[in-house]
Amino acid sequence: ESVYLNGEWLAPEAAKVSVFDRGFLFADGIYEVVPVYHGHPFLLEDHLARLERSLAALEIANPGQAFWLDLIQQLLTRNHSQDALVYIQVTRGAEAKRSHLPQGPLQPTIFASVSAMPVHWDVPTPVKVTLLDDIRWLRCDIKSISLLGNIMLKQQAQACGALEPLLHRNGLVTEGASSNYFAVKDGAIYTAPTDHLILPGITRMWVLKLAKELAIPVHEQAFSVADLAQLDELFLTSSSREVQPIGQIDDIIIGQGGCGEITERLVHAFHASKRQLSAQ
Ligand code: PMP
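Just so you know, we're using the UniProt record's numbering here: the sequence shown kicks off at 3 and counts up by one.
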């Protein structure tokens, strides 16, 4: 197994960064996660576009598209990866003295690793989520490594026996700690719009495209906490969970508590697109 750190390929335990790295001191950095099926990165251009937007938002230098493509290809080749998740992290870099304000342009710290992810083709068993107040900051569109809010919320969800928190702000559902939510009501799909309150999930975008192809009406419009008891279906999306049906929010059972019909159609459409894009 080899990981990439600042131009070197190393054994994971040999990869070390300075304690003066701003990633360590301030969580001053961003990350990206790319799913890989059968050796092919899935929706890679979209993931790289988001990585570039995150870097631009923090004014961290971007080594460019060709660099990222080569890095990911080498990572997959060196690790003989087939079904996997690529992790990329970029911090602003290390400096001599701790100071909130970065002292001039730094050499960014670039780290990348890959881990195996068994691919599945079934309809996932519905899970439970728990409604929690979205305590995070107001730039959730940046894929920042500062994830304290997400971690605290995930721990609270786990304590409730839930897979994910269902976060809300001002009465509207935003997203999860590491996923986007979709509600189904009267045959139409609702999901929060891509503003500063959510991460624009790549899986979210892809599922919206699949829904349109299936002629399912979609509304990029946040659904409200008041609507939750009346939903027909609910599911979440992420690169690692793909399309995950939800059977229960706290004590509220969604529909019959199983996987709804529209969710199931999207799960199958998602599997088909995985098969198709990784065969090219
Ligand atoms: N929202 C948050 C807060 C996340 O961390 C993630 C997963 N990284 C997502 C949504 C889903 O994004 P994607 O579909 O690109 O994995």
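Even glycine gets a Cβ: it sits at the ideal position worked out from N, Cα and C. Quick caveat: nothing in here was measured; it's all calculated off a predicted structure.
Between the alpha carbons of PHE184 and GLY41 lies a distance of about 29 Å. Of PRO14, LEU60, LEU50, LEU169, the smallest CA-CA separation from GLY25 is found for LEU60.
8 Å or more divides the Cβ of LYS145 from the Cβ of GLU3. As far as DSSP is concerned, TRP208 takes part in no beta bridge. Listed as beta-bridge partners of PRO43 by DSSP are VAL38. The region 185-201 makes no contact with the region 93-109; the number of CB pairs closer than 8 Å stays below 3.
Distances between the C-beta of ALA179 and the heavy atoms of the ligand PMP include at least one below 7 Å. The ligand PMP has a heavy atom closer than 7 Å to the beta-carbon of THR239.
Relative to the ligand PMP, even the nearest heavy atom lies 7 Å or more away from the CB of ARG171.
Contact annotation, LEU169 with LEU134: C-beta distance approximately 6 Å; criterion of less than 8 Å satisfied.
For VAL88, the uninterrupted beta strand (DSSP E) segment begins and ends at 86-93. Residue environment for THR79: exposed (fewer than 16 other C-beta atoms within 10 angstroms of its C-beta). Between ARG243 and the set GLY260, LEU233, PRO120, ASP252, the nearest pair of CA atoms involves PRO120. With a contact defined as Cβ atoms closer than 8 Å, ASP23 and THR111 qualify at about 6 Å. DSSP, read as helix, strand or coil, puts ILE74 in helix.
For VAL21, the secondary structure class from DSSP, reduced to helix, strand or coil, is coil. The alpha carbon of GLY178 has as its nearest neighbour, out of SER240, ILE204, VAL227, the alpha carbon of SER240. Between LEU87 and PRO37, the C-beta gap is smaller than 8 Å, which places the two residues in contact.
If you keep only unbroken beta strand (DSSP E) runs of at least 3 residues inside the region 139-204, you get 166-171, 182-187, 190-192. For ALA194, same chain residues with a beta-carbon under 6 Å away, outside a window of 5 residues either side, are THR176, ILE200, ALA224 in chain order. Counting C-beta atoms within 10 angstroms of its own C-beta, GLU215 has fewer than 16 neighbours from the protein chains shown and is therefore classed as exposed. Counting every other CB atom within 10 Å of its CB across the protein chains shown gives ALA16 a total below 16, marking it as exposed. Counting along the chain, SER117 sits inside the beta strand (DSSP E) bounded by residues 111-118.
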